[in-house]
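Undergrad: Provided herewith is a single structure, encoded as structure tokens, for subsequent inquiry.
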Amino acid sequence: MSGVVNCAAYAGGRRVADVEIKDISEVLKQRDRFVWIGLHEPDEDLLRQVQQEFGLHDLAIEDAHNAHQRPKLERYGDSLFIVLRTAQMNREQGRIEFGETHLFVGANHVVSVRHGASLSYAEVRARCETTPQLLSKGPGFVLHAIMDFIVDRYFPIVDALEEELDRLEDEIFGERFSRKTTARIYHLKRDLLDVKRAVSPLVDMCNRLMRFDLEIIPDDTRPYFRDVYDHAIRINEMVDALRELLTTALEANLSLISVAQNDAMKRLAGWAAIFAVPTMIAGIYGMNFRVMPELDWPLGYPLIWALMLGACGFLYLRFKRSGWL
Amino acid sequence: MSGVVNCAAYAGGRRVADVEIKDISEVLKQRDRFVWIGLHEPDEDLLRQVQQEFGLHDLAIEDAHNAHQRPKLERYGDSLFIVLRTAQMNREQGRIEFGETHLFVGANHVVSVRHGASLSYAEVRARCETTPQLLSKGPGFVLHAIMDFIVDRYFPIVDALEEELDRLEDEIFGERFSRKTTARIYHLKRDLLDVKRAVSPLVDMCNRLMRFDLEIIPDDTRPYFRDVYDHAIRINEMVDALRELLTTALEANLSLISVAQNDAMKRLAGWAAIFAVPTMIAGIYGMNFRVMPELDWPLGYPLIWALMLGACGFLYLRFKRSGWL
Amino acid sequence: MSGVVNCAAYAGGRRVADVEIKDISEVLKQRDRFVWIGLHEPDEDLLRQVQQEFGLHDLAIEDAHNAHQRPKLERYGDSLFIVLRTAQMNREQGRIEFGETHLFVGANHVVSVRHGASLSYAEVRARCETTPQLLSKGPGFVLHAIMDFIVDRYFPIVDALEEELDRLEDEIFGERFSRKTTARIYHLKRDLLDVKRAVSPLVDMCNRLMRFDLEIIPDDTRPYFRDVYDHAIRINEMVDALRELLTTALEANLSLISVAQNDAMKRLAGWAAIFAVPTMIAGIYGMNFRVMPELDWPLGYPLIWALMLGACGFLYLRFKRSGWL
Amino acid sequence: MSGVVNCAAYAGGRRVADVEIKDISEVLKQRDRFVWIGLHEPDEDLLRQVQQEFGLHDLAIEDAHNAHQRPKLERYGDSLFIVLRTAQMNREQGRIEFGETHLFVGANHVVSVRHGASLSYAEVRARCETTPQLLSKGPGFVLHAIMDFIVDRYFPIVDALEEELDRLEDEIFGERFSRKTTARIYHLKRDLLDVKRAVSPLVDMCNRLMRFDLEIIPDDTRPYFRDVYDHAIRINEMVDALRELLTTALEANLSLISVAQNDAMKRLAGWAAIFAVPTMIAGIYGMNFRVMPELDWPLGYPLIWALMLGACGFLYLRFKRSGWL
Amino acid sequence: MSGVVNCAAYAGGRRVADVEIKDISEVLKQRDRFVWIGLHEPDEDLLRQVQQEFGLHDLAIEDAHNAHQRPKLERYGDSLFIVLRTAQMNREQGRIEFGETHLFVGANHVVSVRHGASLSYAEVRARCETTPQLLSKGPGFVLHAIMDFIVDRYFPIVDALEEELDRLEDEIFGERFSRKTTARIYHLKRDLLDVKRAVSPLVDMCNRLMRFDLEIIPDDTRPYFRDVYDHAIRINEMVDALRELLTTALEANLSLISVAQNDAMKRLAGWAAIFAVPTMIAGIYGMNFRVMPELDWPLGYPLIWALMLGACGFLYLRFKRSGWL
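Protein chains in written order, with the numbering used here: chain A, 44 to 368; chain B, 44 to 368; chain C, 44 to 368; chain D, 44 to 368; chain E, 44 to 368.
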């Protein structure tokens with residue numbers, strides 16, 4: 044059936060059978076089994092079918108169909124509905140691509156629904172199957188495995204954003220800033236806000252998962268959620284630090300632009316003065332007064348050259364010394 | 044009666060009768076019925092009449108009459124008084140128009156009072172009547188339906204504000220900013236603050252509705268209020284992200300203006316220098332010294348032209364290379 | 044006695060007698076009576092006398108005498124001591140005048156002590172006396188009436204500050220800003236901070252009044268304090284929104300000043316170039332070289348005029364087109 | 044013994060004896076007595092001796108010896124260790140001098156240890172001794188008296204900082220700002236942060252003192268700590284308001300500097316244009332073309348003067364009208 | 044074994060034996076003993092061995108192996124896993140070097156695992172061994188000793204950052220700022236954020252340690268953790284104050300750059316005017332009108348010199364007086 048990526052039954056931490064959606068009820072008649080289904084952008088029919096198999100709540104199914112939810116954790120009786128935002132770096136375009144994963148977790152099932160750009164959870168499934176002693180803890184552990192996988196994908200993204208900030212710092216303080224630097228600062232800020240909005244709800248969600256008194260999250264899985272919680276907090280802190288640095292970088296940029304302007308103005312002033320002096324002197328000896336004794340001096344012309352060059356040289360040295368040129 | 048948009052009695056999720064205000068007490072004698080009344084800018088008489096029918100509190104009625112309240116949720120014994128701000132985009136004028144809706148919700152009634160620009164709730168009523176199984180949950184569900192409708196109207200508004208920010212970004216980073224860009228940034232900020240003030244109290248209100256131990260909000264309606272809560276939080280987050288981006292945009296704008304100023308100044312300086320050199324040279328050979336050998340050289344004039352053009356050309360190339368022109 | 048504005052005994056919501064301070068104990072011997080005293084800047088003797096009549100706490104009396112307290116609510120056993128800041132717009136000087144009112148509220152008394160610029164509470168007393176059914180709730184209701192009166196006086200002030208912001212916006216975005224605009228932004232900020240400090244403690248005070256388990260605040264007066272609470276929150280929110288807008292306005296102002304500076308510089312550069320060209324050309328043909336063929340052309344002079352005018356015209360058009368002039 | 048400023052035993056609110064450190068245990072054998080010791084920068088021996096007399100905790104003694112603690116309140120069993128920062132205005136140097144006072148308060152003792160610049164508590168002691176009915180409440184009241192004394196010393200300091208801000212406002216808005224204004228804004232900020240750090244922990248400390256269930260703080264002393272609490276909050280609020288105003292002042296300063304720059308540039312541009320016009324005209328009639336009819340006109344020279352003066356006058360008036368000059 | 048820095052058994056506060064990792068179980072058979080092991084960047088084998096000896100949790104061991112954790116405190120049953128960031132000033136490079144220490148604390152063991160730049164805890168061990176009465180409190184006291192040691196290492200770092208700010212202030216307000224000043228402000232900000240992230244989690248961690256109801260932290264060790272808590276808060280406050288001052292310094296810097304720009308522009312304008320006047324005058328008397336009476340005056344030339352010098356002198360004095368030059 045299109046949209047179903049994987050659907051298998053597990054018992055005692057081991058995969059016991061691949062199942063069809065329609066056979067699920069049959070399979071679950073045996074106790075201590077749970078079914079782990081992976082869906083990718085399923086159509087409404089498929090979702091309705093899954094809903095009936097596990098008795099999921101209408102509102103949750105609607106959310107899973109519509110996507111564009113914010114990350115959240117909702118408890119419906121003994122089962123959980125979880126929305127997470129996934130992220131991947133599109134290296135070619137230098138953009139972060141966000142996707143969405145919805146999880147239904149109950150005593151005998153884990154259903155993951157992926158939307159948009161997102162990695163398959165085949166890797167998570169494979170890794171879980173190699174550690175049967177952990178997988179035998181049931182759907183709660185699968186939930187942890189998927190959350191852990193999603194959160195860990197944010198680390199390379201934050202690293203990429205940190206590198207971008209490093210490059211921006213080099214531009215700003217290396218006197219190579221341009222209009223583009225400002226635009227890139229702005230877009231980095233935008234990316235940071237997006238990552239923040241995707242990750243920050245996770246902190247509260249993990250917190251609640253650790254405190255829930257739910258059969259599907261046994262006591263010995265809690266440290267694992269604390270682990271995810273730690274990672275989410277770390278990403279949050281890194282993003283916050285980046286935002287604060289970025290704000291400072293923008294201000295530093297502004298003040299360096301002003302310094303540059305200052306320097307340009309001083310140079311302008313300096314050279315204007317150097318040109319103005321001989322122009323003024325030449326103007327004076329271009330006057331047509333009948334009686335201008337200097338004009339008749341045999342050495343008048345060379346003297347005036349000396350005066351002009353001397354004045355220019357004096358100004359040049361003075362400006363040079365005071366750092367204006 | 045003017046001001047009454049709709050007034051009907053419901054039983055078991057179905058509309059059983061249209062009623063006149065004055066007949067309400069009669070109709071409500073039958074158990075398991077509730078009345079849903081829609082009023083639009085009612086006069087005081089009408090409000091007093093409704094107050095008497097359901098025994099509403101004086102203070103709530105005063106609020107409903109005066110309007111200009113902030114969104115709030117008040118509990119009077121077993122009934123609720125709710126104030127919400129509605130919003131609509133006036134596409135023609137590019138302005139957001141805010142209205143106000145006051146809701147009185149009790150065990151056997153829902154009264155909505157609309158003020159100012161706001162859509163009719165006829166659509167909500169129609170939609171509710173198509174799902175009798177939900178409407179049979181009673182006034183609590185009607186309350187949810189109206190709140191959901193109001194909150195959902197904010198999404199297109201926030202989208203419009205996001206588009207406005209996108210347009211502003213294009214202007215700022217596309218070197219097409221002007222005085223108007225700054226004014227538009229300011230007005231976008233103003234709109235965001237207005238939306239924020241209208242939506243942010245909803246988060247707390249939904250939270251309290253989910254926790255209230257009230258007969259009119261049965262357990263199985265709570266997930267619906269959680270849904271409204273989620274939407275309110277999402278709008279809040281979008282608005283906060285927009286505000287932060289806007290602040291950064293304003294700063295980026297300022298720093299780009301400084302860069303532009305810098306560029307203008309460099310150009311000014313460059314051209315000033317290019318003009319100053321031949322002026323100075325010409326001034327020198329305009330002096331009237333008796334003895335100025337160059338003036339008598341046959342090739343003096345062409346040589347001076349060559350000197351002036353050479354100097355200008357040299358300066359032009361140098362400024363061009365260092366990016367000043 | 045100087046300082047006593049009004050002193051009357053109430054029973055069952057009606058004024059039963061005007062009393063002298065010294066007769067209070069006598070009057071209060073009858074049960075279900077309470078005394079409402081209004082004082083204006085009383086001297087220490089009067090305060091001590093009042094203190095003895097009702098057994099008020101030393102610290103509260105000291106506070107009431109010294110004034111210059113921040114708004115606060117203190118509970119001494121079964122009675123309350125409340126400090127509020129009142130505000131009035133002095134339209135002539137365009138300044139906000141703050142005063143202070145101290146209230147002692149006990150089972151059988153309400154004492155109000157006014158300091159500085161403040162309206163008399165005669166109006167509150169008159170209004171209360173017209174609704175005996177409410178006034179019969181006792182001192183708790185009187186407390187509400189006075190708080191409500193004081194809080195409502197802040198609305199016209201906030202409105203005046205909003206108008207001032209509107210005027211500032213017009214100046215800033217209408218290109219009519221000046222040194223005074225910045226000074227006015229600053230003073231508006233100062234006023235907003237003053238109003239904030241006067242009103243924000245009220246939110247917490249009303250909150251505590253609603254939760255106190257005090258005989259003088261019966262259950263059915265609580266909605267009235269919730270009303271004051273709502274108003275205080277609304278003023279707070281309005282002030283906060285104004286502050287945020289003001290910050291943005293100050294930044295917008297700064298960026299518009301930079302834009303204006305930019306425009307001035309471009310104009311300066313443009314006109315400088317237009318003047319520099321003919322000056323340079325004229326300088327060249329003012330040189331005294333023996334051999335300068337153009338000087339002997341019969342049409343040399345008109346041609347040079349054409350050249351100069353042409354260059355100036357070309358530059359003028361080009362600058363005009365690129366928006367520099 | 045050096046370091047001991049005062050050491051006396053009190054009973055029933057009255058000083059009963061001056062005691063030597065070594066006799067303390069003897070004196071305290073009588074019940075209902077407490078000892079109040081004032082130390083100033085004691086050496087380690089003296090501190091150890093006091094420690095043994097009252098059985099104080101090692102860590103507290105270490106703190107009292109090292110000083111440079113932040114204000115804090117620690118409970119060791121039934122006794123308290125309190126660190127406070129004192130402040131004094133050094134009027135001559137215009138600087139705030141901070142000191143530190145450590146207090147050990149137990150059922151039968153109050154030990155104050157002063158470090159750095161700080162007033163003696165002789166005044167507090169004298170004032171307490173004049174009100175035996177209050178002093179008889181025991182060490183808890185002495186603690187209040189000292190805290191009250193310390194907090195009240197901050198009011199003149201905050202007043203001095205407010206005056207400094209007023210002076211800065213006058214400079215900024217009176218167009219008399221200079222490099223020094225900015226430096227003074229910065230140093231005012233620094234002072235405000237220091238005061239904030241010294242006072243803000245007091246709010247929480249008083250709060251805890253009011254809630255402690257300690258024998259040494261009887262119920263009827265609590266209103267007195269509430270009083271200190273109020274003062275601490277007021278100073279906090281004043282400092283916060285000053286900080287916010289200062290931030291705005293710094294921004295206003297920046298924008299006024301830009302306005303001033305704008306004005307300077309406009310003047311520069313205006314006068315440059317006024318000088319450029321006659322220079323250009325004179326240049327033209329300084330050309331050496333053979334055929335320049337104007338040169339031969341008898342009225343050519345006066346006409347050119349008229350032209351030059353007319354052009355300058357026209358420009359002057361125009362710039363004057365548009366506010367550039 | 045490589046990676047093991049020190050491994051000893053303690054009883055009654057005294058070191059009773061140096062032990063090999065493999066003999067630990069043997070040694071711990073005797074009651075009232077605990078083992079204190081110091082590891083430095085251990086390989087996985089060693090960690091696994093230690094894990095088996097004390098039954099440590101898988102997740103904690105993984106963390107200790109991977110490092111790059113944020114400071115945290117995790118409770119696994121009766122034992123604790125603690126991650127701390129250590130810091131050292133690299134004086135030569137003027138950089139702060141961060142390291143990481145992981146601590147496993149149980150009833151009979153303390154295991155410290157150091158990563159990256161960090162001082163050995165040999166000093167802590169030595170100091171603990173000199174105070175057997177304290178060391179006899181067991182692993183809880185060792186934990187305190189190590190935390191105290193780590194936190195105290197931050198004080199010289201914060202002092203160094205304060206000195207850097209002082210130097211920056213001198214540059215900014217001493218008119219010696221340059222591009223490098225801005226870059227150094229930025230890097231100071233970056234360092235402050237790093238220190239903040241390393242220290243701020245400690246406040247919460249100490250708080251939890253004081254409240255834990257754990258056998259390994261007996262009641263009489265709690266004041267010691269309160270001590271660490273105080274230090275962590277003090278460092279936090281110092282860092283926060285530095286950050287706020289730095290922000291103000293950056294703004295002050297920007298406004299001083301603008302002032303400097305202003306001054307440069309005024310000077311430019313002043314000198315331009317002084318040069319422009321004689322140039323203009325000379326231009327006028329360089330015109331070739333046939334009739335220019337002044338040219339024939341015998342004193343024309345000296346008079347014109349007087350005029351030019353007079354005008355320049357007048358302008359110079361005027362600009363000097365108004366502070367433009």
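We put the CB at the ideal spot given by N, CA and C, even for glycine.
1) Return yes when the Cβ of E/ASP283 is within less than 9 angstroms of the Cβ of E/LYS232, no when it is not.
2) Whole angstroms are fine: how far does the CA of A/MET330 sit from the CA of E/ALA325?
3) When DSSP labels each residue in this structure, what does D/MET44 get in the three-state scheme?
4) State the Cα-Cα distance for the pair E/VAL194 and E/GLU143, rounded to the nearest angstrom.
5) To the nearest angstrom, how far is the alpha carbon of A/MET351 from that of D/ARG138?
6) Can you have a look at E/GLY81 and say buried or exposed, based on whether 16 or more other CB atoms are within 10 angstroms of its CB?
7) Since A/ALA303 contacts B/ALA312 with CB under 8 angstroms, what's their CB separation in whole angstroms?
8) In the DSSP output, what is B/ASN279 paired with across the bridge?
9) Taking only beta-carbon atoms, is E/ARG251 less than 9 angstroms away from chain A?
10) When burial is assigned at 16 or more other CB atoms within 10 Å of the CB, is E/GLU135 buried or exposed?
11) Between the segment 263–274 of chain B and the segment 183–199 of chain B, do at least 3 Cβ pairs fall closer than 8 angstroms?
12) Can you grab the Cα-Cα spacing for the pair E/ALA131 / E/HIS158, in whole Å?
13) Which same chain residues end up closer than 7 angstroms to E/ASP234 when comparing Cβ atoms and leaving out the 5 residues on each side of it in sequence?
14) Does the CB of E/ASP195 have a neighbour CB from chain D at under 9 angstroms?
15) Closer than 9 angstroms, Cβ to Cβ, to anything on chain A: give me those residues from the segment 284–310 of chain E, in chain order.
16) Verify whether the separation of the beta carbon atoms of A/ALA103 and A/GLU117 is less than 9 angstroms.
17) DSSP three-state label for B/MET132, please.
18) Given a limit of 9 angstroms on CB to CB distance, which residues of the segment 61–79 of chain E reach chain A?
19) Does the CB of D/GLY142 have a neighbour CB from chain F at under 9 angstroms?
20) Give the DSSP-derived three-state secondary structure of E/PHE255 in the structure shown.
21) So what does DSSP say about D/ASN49, is it helix, strand or coil?
22) Assuming E/ASP121 and E/GLU212 make a contact with CB atoms under 8 angstroms, what is their CB distance in whole Å?
23) Am I right that B/VAL201 and B/VAL153 are in contact with their C-beta atoms under 8 angstroms? What's the rounded C-beta distance?
24) List the residues of chain C that D/PRO266 touches, going by C-beta distances under 8 angstroms, in chain order.
25) Should D/LEU146 be flagged as near chain E, meaning a C-beta pair shorter than 9 angstroms?
26) I want to verify the contact list: residues of chain D whose CB lies under 7 angstroms from the CB of C/ASP339, in sequence order.
27) Comparing alpha-carbon positions, which option in C/LEU342, C/PRO345, C/TYR267 lies nearest B/TYR119?
28) Unbroken alpha helix (DSSP H) runs of length 4 or more, entirely within the segment 87–135 of chain C: which are they?
29) For a contact defined as C-beta to C-beta under 7 angstroms, what are the partners of E/ALA203 on chain D?
TA: The relevant details are as follows:
1) Contact: no.
2) Near 6 angstroms, if we compare the C-alpha coordinates of A/MET330 and E/ALA325.
3) The predicted model places D/MET44 with a pLDDT of 48, which falls under 50 and marks its position as unreliable, so this point remains unresolved.
4) Rounded to whole angstroms, E/VAL194 to E/GLU143 spans 13 angstroms at the Cα level.
5) CA-CA distance, A/MET351 to D/ARG138, rounds to 54 angstroms.
6) By the 10 Å Cβ count, E/GLY81 comes out buried.
7) Not really, about 13 angstroms apart at Cβ, beyond 8 angstroms.
8) Residue pairing by DSSP places B/ASN279 opposite no residue, since no beta bridge is assigned to it.
9) Taking Cβ atoms only, chain A never reaches closer than 9 angstroms to E/ARG251, which makes this a no.
10) Burial call: exposed.
11) As far as the Cβ criterion goes, the segment 263–274 of chain B touches the segment 183–199 of chain B, which means the pair count is three or higher.
12) It is Gln, not Ala, that sits at residue 131 of chain E in the sequence shown. Rounded to the nearest whole angstrom, the CA to CA distance from E/GLN131 to E/HIS158 is 13 angstroms.
13) Around E/ASP234: ILE139, LEU204.
14) So no, E/ASP195 is outside the interface.
15) Result list: ARG286, LEU289, THR290, LEU293, GLU294, ASN296, LEU297, ILE300, SER301, ALA303, GLN304, ALA307, MET308, ARG310.
16) Yes.
17) Looking at B/MET132 - three-state DSSP - the assignment turns out to be strand.
18) Only those residues of the segment 61–79 of chain E whose C-beta falls short of 9 angstroms from the nearest C-beta of chain A would be listed, and there are none.
19) The chain labelled as chain F is not found among the protein chains of the depicted structure, namely A, B, C, D and E.
20) The answer is coil: DSSP assigns E/PHE255 none of H, G, I, E or B.
21) D/ASN49: strand per DSSP, three-state reduction.
22) Actually they are not in contact, since the Cβ atoms of E/ASP121 and E/GLU212 sit about 51 angstroms apart, beyond 8 angstroms.
23) B/VAL201 to B/VAL153, Cβ: 28 angstroms. No contact.
24) Against chain C, a Cβ distance below 8 angstroms from D/PRO266 picks out HIS100, LEU102, GLU117, TYR119.
25) For D/LEU146, the closest Cβ of chain E is not nearer than 9 angstroms.
26) The answer, in chain order, is ARG333.
27) Of all alpha-carbon atoms in C/LEU342, C/PRO345, C/TYR267, the one lying nearest the alpha-carbon of B/TYR119 is that of C/TYR267.
28) Unbroken alpha helix (DSSP H) stretches of 4 residues or longer found wholly inside the segment 87–135 of chain C: 87–97, 101–109, given in chain order.
29) What E/ALA203 touches in chain D: nothing, since even the nearest Cβ is about 17 angstroms away.
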